[in-house]
Every structure is written in structure tokens, then in C-alpha cells.
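Below is one structure; the comments refer to it alone.
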Amino acid sequence: MRAAISKNRGKMLKIAAAGLSLVLLILAVCIYLQMTKPYAITDNGARIQEPWAVKIGDQETFIVASQKEGQAVIDGIKQKYSTANTKKGETSLSPEITVEKKALKRSDEKVNVVEAQDAVEQIYTAAASGNPMVAVTTVDQVSRTETIAYQTEYRIDDNLDKGQKKIVAQGQEGGKLITSQVVRVNGSTLSEEVISEKVTRQPVAMVVAKGNDSVKEDGTLTAAKEKETAKAPDTEQPKPAEEPTTEPQQQPEQKAPQPATAAAAKEPSKATQPATEAIKPSVDNTKPSKQTTEKPTANTEKETSTAKPEKEPTTPPDKETKPPVTTNKGQAVVDYALQFVGNPYVYGGSSLTNGTDCSGFTMSVYAKFGIKLPHSSSAQRSCGRGVSYSEAKPGDIICYDGHVALYMGGGQIVHASNPTDGIKISKATYKPILAVRRIIE
């Protein structure tokens, strides 16, 4: 009996020893697996066994310690290019940045973990060096103020000598608030669109007293009127030649006309009337023959016909003419616009002869060709299609900050410049060019 009990006890001890060995083996395996579990390591030596990957597009770019750190990379790069004027919710990344859990393998090489701030700086530095890892697009609403030039009004002062001027009241510039929507990519402006313009201060015109030469009836001096005055001596020359032909018609006494004279009197044309009048000085003494009557008629017709062309220049130079006919439409626009060089600048005006501002000038010129443009320099910056300055052709609109002009070609523009210079020709690059718009092909 004792032998059987002893035998069973031995078996139990063997089973217990085997179980303990199995437990120890399992424990050893667990310890081994734990000790050899893959992990990522930070710069300070800390182990991160469950890191997260920051992907730019499909490419795994950074390994961070947590999902929170990954989101901080996304928010940080957006804030890097944002300003106080950036619209919330309208900043985008291309390609998209995502955060995913990183699956590590024992066979992987050592993985380094970066902090969110360091990842943001790497992305920003790459863009600044010309090799952007991601394009950050921001939309800003920007407001700026611009000055409005004042115009100059001239008034008659009989106390001043010819050509003498005197400032009666100083002019004051106005101001306007322009609100624009600016789209930027990695901090560089991609496009700008004006949303609104509001005049905050109206300009006050400068009043200048001037002698009564070359002054219009309403007291406003214009360059167009000066040109008309300058041409007046030439256009009035034919008048003295006409006076002798009209005065004899008013003489009450006249002898009975000869047959040739009577025949000429029945003609309704004006050419025969000077012929009759031309022979009147000889009527008192002798009777003119038919031959002598006809010769003066022929000469008088020549004199009348030669005087007619001299009357044509009396057309006022400030009267708008029809656009020239040419196959080059852009050049036709320029040729038409050049007729008004020297005419005055008037803020808010659109008259090519009596006064216009810069956008009113381009608007009115193109209106003659059936093309409607807005009366706003910023709005015209969106008209037509954009081309580079190197591709600019005659007729294109050159857009500046608060100003527009017509490109003539050869690096020159014609534009309504300012109240002092009026409509004039300038170099196209006299100030920075913002855009070139092609209105007509």
C-alpha cells in the first residue's frame, strides 16, 4: 500500500515539474517577445512602440509620436502661411496631408520620430528653396486705401494779363477703400480680385484764375479748346477772299444786264453769281461782250473751288471722329485713341474731348468699336483675357495699381494720366505693371 502511494506521488511530482517548465518556457518567450518588440525612437532616446506616420499624398514623410502630433503638423503648416486676413476654412493643401498609424516590423531598421514643429519647418524650408513638398493655398480678404487725384478748374479773371495764372484755392486729394480677395500659394500671390470700392473722401478741385485767353465760356480751360484757338488764324484766311464777292450783290444800282449776263443770272449755281459780280466794275463804262463775260466766270469757278478745301479745317478739333478703317483691329483702336492726345483729364469723366479719367478713356475708345467696358480700372483688370507683357500688342489694356492705359506698341502707352498732363503718351514701364488684358483679337 505504501509502495503504491509512493509511486503516485512520484508521478505527480514529475507532472508538476513538467508544468512548471512549460510555464517558465512560456514566460521566457513572452519576455523575449517583449524585449524584441519593434519601436521608434526619439531624438532624446525615448522609445515609441506605437508611432504614427505623416503622409504627403501617398508618400510617408514623417514619423511622429502620436496622432495628435500628426495633426499638429497639418495645422502648423497651414498657420505658417496664414495671416490675420486669411479666411478660416478656405486654406487647402495639395497634395493632401494625412496621419495614419505606423505598423512596425522586427526586420525594419531603426525608425526616428520627429516633433511636429520640426516637421513644419522642414516643409516650409523646402518651399522657400524652390522645392516645395506641398502647396499651401490661402484666401485672404485684404483692404487698402488709394488716393483720388484732384482736377484743376480754370476761371476767367479780367484783372490778370494774358497767360498769367494765380491759384485761388488749393486742391485736395480724395481717398477710396478697396477690398480685394487675394489667393496665394506658399505665400506668393496667385490672383487678386477686387470685391468692392468705396470712396471715403471726395477730392477737392484746385481753382486757378487765368487771363481770358483760350478760356471756354463756362470758365473751364481745356487742351482741346487751346488747340482750336491755335488753329483759328489758319482757318479764317479764306474769309477775306469771300467778302469782295458778297459785297457787290448788296449794291442797289445796277445797269440792265447784257444778254450773256442775263443768261448767267438765270443759272441757280453759285459759280455763276461770282461771274456776274466780277464784271460789274466795267459795266459803268463799256458794254461787256459775251466772250468777256464767260472768261471771268471760268476764273471765278476756279477761285471758288480752290477756296472750299480751306474751309474744311474749320471743323473743331475736339469733335469726335469715326474710327479709322484698318484690318488690324488693335492698331485701329490705338489710331483712334491718339486723336485725343492733349485733351483734359477729369476724374469720373468719360468724354474724350471735354475730359475723362483713365478707365473712362479706355471705355470710351472701345465703345466706338462696339465693345463695352466697365468704368473702373480694377474691374477692367478682369476684362478680356490675360497675356504677358512680352506678348502685348497694340490695343491691349495695361493695368497698373489704380490705373489703366492703352498699349501702343514699342513699349509705349496712351492714357488719361492726371489733371496736370491730361491724355498723353508715356512709357509702358513707367510704373509696375500688374496685368495685361487683350480685349480685341
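Numbering (UniProt numbering), first residue to last: 1 to 441. C-beta atoms are modelled at their ideal positions from N, C-alpha and C, and glycine is treated no differently.
CB-CB under 8 Å to P203, same chain, minus the five flanking residues each way: which ones, in chain order?
What you label residue 203 is simply residue 203 of the sequence shown in a count that begins at 1. Excluding sequence neighbours, P203 sits near I148, A149, Y150, Q151, G171, Q172, E173, G174, Y347.
Within the UniProt domain "NlpC/P60" (327–441), ranges of the alpha helix (DSSP H) (whole runs, at least 4 residues)
329–337, 358–367, 377–380
Taking a contact to mean a Cβ-Cβ separation below 7 Å, would you say V333 touches G395 in this structure?
Position 333 of the sequence shown, counted from the start, is the residue given in the question as residue 333. Position 395 of the sequence shown, counted from the start, is the residue given in the question as residue 395. Cβ distance < 7 Å, so V333 and G395 count as in contact.
Mind checking who N112 pairs with in its DSSP beta bridge?
Translated into the one-based positions of the sequence shown, residue 112 becomes position 112. BP columns for N112 point to I41.
Exposure of V73, with buried meaning 16 or more beta-carbon neighbours within 10 Å:
For the purposes of this step, residue 73 is taken as residue 73 along the sequence shown, with counting starting at 1. It counts as buried.
Could you check the C-alpha separation between I425 and I413 for me, to the nearest Å?
Numbered from its first residue, the sequence shown carries residue 425 at position 425. Numbered from its first residue, the sequence shown carries residue 413 at position 413. If you take the alpha carbons of I425 and I413, they lie about 6 Å apart.
Assigned exposure category for P419 - 16 Cβ within 10 Å defines buried:
Translated into the one-based positions of the sequence shown, residue 419 becomes position 419. So P419 ends up on the buried side.
Going by DSSP, name the residue or residues bridged to E173.
Residue mapping note: residue 173 aligns to position 173 of the sequence shown, counting from 1. DSSP lists no partner for E173.
For the region 119–163, which segments carrying the alpha helix (DSSP H) assignment without a break, of at least 4 residues, lie completely within its bounds, in sequence order?
none
Neighbourhood of K101 by C-beta, 6 Å cutoff - its chain only, sequence neighbours within 5 removed:
Along the sequence shown, read from residue 1 onward, the residue named residue 101 stands at position 101. Cβ within range, chain order: W52.
Answer with buried or exposed for A128, where buried requires no fewer than 16 other C-beta atoms within 10 angstroms of its C-beta.
Looking up residue 128 in the sequence shown gives position 128. Per the 10 Å Cβ criterion, exposed.
Secondary structure at S6, three-state DSSP: helix, strand or coil?
Start at 1 with the first residue of the sequence shown, and residue 6 comes out as number 6. In this structure, S6 counts as helix in the three-state DSSP scheme.
In the DSSP assignment, what are the bridge partners of V73?
Here residue 73 refers to the residue found at position 73 of the sequence shown. None; V73 has no bridge partner.
Does Q181 come out as helix, strand or coil in the three-state DSSP assignment?
Mapped onto the sequence shown, residue 181 falls at position 181. In this structure, Q181 counts as strand in the three-state DSSP scheme.
Using CA coordinates, which residue listed in E115, L93, K68, K78 is at the minimum distance from D43?
Your numbering for residue 43 matches position 43 in the sequence shown. Comparing Cα positions, the closest option is E115.
Beta-carbon proximity of G211 to D161, cut-off 7 Å
Within the sequence shown, numbered from 1, the residue matching residue 211 stands at position 211. Within the sequence shown, numbered from 1, the residue matching residue 161 stands at position 161. Yes, these two residues count as a Cβ contact at 7 Å.
I'd like the list of long-range same chain contacts for I5, defined as Cβ closer than 6 Å, with 5 residues on each side in sequence excluded.
Numbered from its first residue, the sequence shown carries residue 5 at position 5. Excluding sequence neighbours, I5 sits near nothing in its chain.
In the DSSP assignment, find the unbroken beta strand (DSSP E) run with K55 in it and report its ends.
On the sequence shown, position 55 is the one that residue 55 refers to. Run containing K55: 52–56, per the beta strand (DSSP E) assignment.
Report the CB separation of V54 from G76 in whole angstroms; it is logged as a contact under 8 Å.
Working through the sequence shown from its first residue, we reach residue 54 at position 54. Working through the sequence shown from its first residue, we reach residue 76 at position 76. Rounded, the Cβ-Cβ distance is 11 Å, inconsistent with contact.
Leaving out the 5 sequence neighbours to the left and right, which residues in its chain are closer than 7 Å to S180 when beta-carbon positions are compared?
The residue you call residue 180 lines up with position 180 of the sequence shown. Closer than 7 Å at Cβ, skipping near neighbours: V142, E192, E193, V194, I195.
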